[in-house]
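Following: one structure in structure tokens, then a few remarks.
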Amino acid sequence: MTRDNLNAPLRIAVVIGSVREPRMAGPLAAWLEHELTRIDWLDLDLIDLAAVPLPMHEMQPGGAATSPIAGRLADADGFVFLVPEYNHSFPAPVKNAIDWHFTEWAYKPVAFVAYGASGGIRAVEQLRTVFPELRATTVRESVLLPMAWEHLDAGGRFVPPPGTVEALHTMMTELRTWARALRPVRAESRAESWAGDGAAEPAGRA
Ligand SMILES: Cc1cc2nc3c(=O)[nH]c(=O)nc-3n(C[C@H](O)[C@H](O)[C@H](O)COP(=O)(O)O)c2cc1C
Numbered sequence: 241m242t243r244d245n246l247n248a249p250l251r252i253a254v255v256i257g258s259v260r261e262p263r264m265a266g267p268l269a270a271w272l273e274h275e276l277t278r279i280d281w282l283d284l285d286l287i288d289l290a291a292v293p294l295p296m297h298e299m300q301p302g303g304a305a306t307s308p309i310a311g312r313l314a315d316a317d318g319f320v321f322l323v324p325e326y327n328h329s330f331p332a333p334v335k336n337a338i339d340w341h342f343t344e345w346a347y348k349p350v351a352f353v354a355y356g357a358s359g360g361i362r363a364v365e366q367l368r369t370v371f372p373e374l375r376a377t378t379v380r381e382s383v384l385l386p387m388a389w390e391h392l393d394a395g396g397r398f399v400p401p402p403g404t405v406e407a408l409h410t411m412m413t414e415l416r417t418w419a420r421a422l423r424p425v426r427a428e429s430r431a432e433s434w435a436g437d438g439a440a441e442p443a444g445r446a
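In the working numbering, the protein residues as written are 241 to 446.
Pasting the structure below:
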């Protein structure tokens with residue numbers, strides 16, 4: 241892998257983790273999209289789980305070929321989950337989307353913009369226990385937005401409290417470091433054939 245390849249733009253998928261309506265995720269996703277499209281080292285893909293049918297009864301170990309977002313997740317070099325806290329955890333559709341896929345997450349960094357009454361920290365910490373099983377790594381920095389609904393302007397747009405944009409850029413810089421560092425690992429793992437090619441449960445899963 242050449243230095244040019246290593247420094248090529250990174251494709252970052254933002255996964256919107258609330259599927260209800262109305263939802264706070266709307267103004268937060270708009271704000272996040274606005275901020276991330278201004279970063280020159282990344283190509284953004286916004287994946288709204290509310291628009292993605294992933295029926296639980298069709299789930300297979302190792303992922304299913306019919307997933308409408310498998311290709312987009314596979315193309316991503318890293319992820320930002322926009323995730324609310326529900327009952328001291330993350331919403332069920334987020335776990336469903338994670339479980340529907342397997343190799344798509346491998347050797348990629350995952351960052352979190354979380355929100356809730358207490359900023360969504362418990363959703364983040366629980367997701368940190370999930371991703372290693374998918375061979376994904378979570379980045380240390382995160383953006384926590386307590387009581388985000390108190391930061392909407394008259395037009396319903398999210399106006400970030402002081403320090404938020406700086407925290408986002410700090411997190412994104414760490415995401416870039418990991419996404420670049422893992423690039424050769426992803427290239428190597430793609431070159432190998434995965435046991436079962438996602439159709440069967442890979443050996444050695446606990
Ligand atoms: C079912 C449910 C459970 C919730 N539980 C928590 C919670 O445990 N801790 C917290 O800080 N906020 C909790 N909240 C508040 C949400 O984090 C907050 O309403 C958030 O804006 C929801 O995001 P959404 O509107 O994009 O779905 C809960 C909200 C819902 C709907």
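By construction, the Cβ of each residue, glycine as well, lies at the ideal position given by its N, Cα and C atoms.
For residue i, which of helix, strand or coil comes out of DSSP?
| i | result |
| --- | --- |
| PRO442 | Residue confidence is low: PRO442 scores 45 on pLDDT, short of 50, so the model does not pin down where it sits. Its coordinate-derived value is still stated next. Three-state result, PRO442: coil. |
| LEU294 | coil |
| ALA253 | strand |
| VAL405 | helix |
| MET412 | helix |
| GLU275 | helix |
| ASP437 | The predicted model places ASP437 with a pLDDT of 49, which falls under 50 and marks its position as unreliable; any figure quoted below should be read in that light. Looking at ASP437 - three-state DSSP - the assignment turns out to be helix. |
| LEU268 | helix |
| ARG420 | helix |
Could you tell me which residues DSSP puts in a beta bridge with residue i?
| i | result |
| --- | --- |
| ALA427 | Answer is none; ALA427 lacks a bridge partner. |
| LEU286 | VAL254 |
| LEU392 | PHE398 |
_Whole alpha helix (DSSP H) elements within the region 307-388, 4-residue minimum_ = Here the runs fully enclosed are 310-315, 332-339, 361-370.
_With three or more beta-carbon pairs closer than 8 angstroms as the criterion, would you say the region 369-387 touches the region 330-342?_
Yes, the region 369-387 touches the region 330-342.
*asked:* Using 8 angstroms as the cut-off, can you tell me whether the region 358-372 makes contact with the region 396-411, which would need three or more C-beta pairs spanning the two stretches below that distance?
replied: Contact between the region 358-372 and the region 396-411 is absent, with fewer than three C-beta pairs closer than 8 angstroms.
_Inter-stretch contact at 8 angstroms, needing at least 3 Cβ pairs: the region 321-330 / the region 250-265_ = The region 321-330, when compared against the region 250-265, does touch it at the 8 angstroms Cβ threshold.
*Can we say the region 408-426 touches the region 347-367, given the rule of at least three CB pairs closer than 8 angstroms?*
As far as the Cβ criterion goes, the region 408-426 touches the region 347-367, which means the pair count is three or higher.
*Evaluate contact between the region 383-391 and the region 351-360, counting only Cβ atoms and requiring at least three cross-stretch pairs below 8 angstroms.*
Judged by Cβ distances under 8 angstroms, the region 383-391 makes contact with the region 351-360, as three or more pairs qualify.
*asked:* Does the contact criterion of 3 or more C-beta pairs under 8 angstroms hold for the region 253-262 versus the region 283-290?
replied: Under the three-pair Cβ rule at 8 angstroms, the region 253-262 counts as touching the region 283-290.
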